[in-house]
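Below is one structure, written out as structure tokens, with a few remarks after it.
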Amino acid sequence: SFFPCLVVLFFQAQIRRIVFQFISEPSTIILAVTAANTDIANSDSLKIAREVDPEGLRTVGVVTKVDTLEEGADCSEVLRNRVIPLKRGYVGVVCRGQRQAAEMSIRDGLKEEESFFRSHPAYRAIASKQGIPFLAKMLNQILMKHIREALPELRSRISRLLQKTEAELATYGDPLLEAKANPGALLLHFFSRFARNFQDAIEGKLQAHHSSEQLMGGARINFIFHDWYSRALAEFDPLEGLSDHEIRTAIRRSTPTCMRYGPLYALTCIGLR
């Protein structure tokens, strides 16, 4: 026998498990989509989002079908973030239907969406923060900010993973040493490794055991020359501890002395000139 309700429940549970697999990550931005003609308090997407993001810090509300509400009804309170507040707020969009998609281009659809929000009395004041273009811009800004904030932790995580992998690899031994290669090949191997590590240090690439809070490689060299070395040169007194007599003596010693017994002087001395 076939039980449609059981099949539906099975797929709902499977979909829910897949969704939670992604939105449970603290670095995930949740896009909670709700139709404007439904009660926002009963929105399944917002309910699921609140389970992993109860404070609404990483949830963006998207309200669709804003143009399908009956005359006299609107969702301006939802779009103004007054019903179920989210830190990132809500954005209303007007999407093309199946018939409009066949008869209207995307550009014309965006123009019609903009005209709808700007001409509707309930949305006119917030029209600049509604629509698909604003949603795309907002998501791009969130993504760029999120990448900048997550990059240091991601770099540290990669460094720790690299250190763990290199430590595991080191336990397997050096392949050249295990193969008892000839001394020339072994020296070439170590020279190549040294050159590669030196180049990585100059380019500022962190090794696994290096701290991300300490200057390394090229950055360290730049700091030494432009900060420490230049300050040391400025504070250095080359004449410190030397008297004027010692300085004059050193200058006289460094002055070249003319040769007095050259051929011309020798001939003069013996009276041949």
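Residue numbering for the sequence shown follows my numbering, beginning at -17 and increasing consecutively. Ideal Cβ placement from N, Cα and C applies to all residues, glycine included. Computed from a prediction, not measured in an experiment: that's the story for all the values here.
Pairing residue 24 with residue 47 gives a Cβ-Cβ distance that is not under 8 Å. For residue 109, there is no enclosing beta strand (DSSP E), as DSSP gives it neither H nor E. In this chain, the alpha helix (DSSP H) harbouring residue 60 covers 58 to 61. Just so you know, the alpha carbons of residue 107 and residue 62 end up roughly 10 Å apart. For residue 45, no alpha helix (DSSP H) run applies; the uninterrupted beta strand (DSSP E) run containing it begins and ends at 41 to 46, by DSSP. Bounds of the alpha helix (DSSP H) holding residue 147 are 114 to 152. One alpha carbon belongs to residue 124, the other to residue 85, and they sit about 33 Å apart. Annotation for residue 149: no residue places its beta carbon closer than 6 Å to its own, counting only its chain and skipping 5 residues before and after.
Straight across, the Cα-Cα distance linking residue 74 with residue 49 is about 10 Å. Note that the C-beta distance between residue 45 and residue 10 is not below 8 Å. Secondary structure note for residue 91: it is in no beta strand (DSSP E), and the uninterrupted alpha helix (DSSP H) holding it is 88 to 101.
Annotation for residue 216: the continuous alpha helix (DSSP H) segment containing it runs 212 to 217.
By the C-beta density criterion, residue 35 is buried, having at least 16 other C-beta atoms within 10 angstroms. Taken atom to atom, the span from the alpha-carbon of residue 220 to that of residue 235 is near 18 Å. Excluding its 5 nearest sequence neighbours in each direction, residue 4 has C-beta neighbours in its own chain below 8 Å: 10, listed in chain order. As the crow flies, the alpha-carbon of residue 175 is around 48 Å from that of residue 41.
Looking at the backbone, the Cα of residue 119 and that of residue 110 are separated by about 12 Å. Listed in chain order, the non-local C-beta contacts of residue 94 below 8 Å within the same chain comprise 76, 86, local neighbours out to five positions each way being set aside. Spanning the alpha carbons of residue 135 and residue 146 requires a straight line of approximately 16 Å. In the structure shown, the three-state DSSP call for residue 11 is coil. Counting C-beta atoms within 10 angstroms of its own C-beta, residue 211 has fewer than 16 neighbours from the protein chains shown and is therefore classed as exposed. Assigned with DSSP and collapsed to three states, residue 76 falls in coil, not helix or strand. When the Cα atoms are used, residue 54 and residue 132 turn out to be separated by approximately 45 Å.
Under DSSP, residue 17 forms a beta bridge with 46.
Listed in chain order, the non-local C-beta contacts of residue 112 below 7 Å within the same chain comprise 61, 73, 74, 99, 105, local neighbours out to five positions each way being set aside. Residue 92 is positioned such that its CB atom lies closer than 8 Å to that of residue 114. Taking a C-beta distance under 8 Å as the contact criterion, residue 117 and residue 69 do not qualify as a contact pair.
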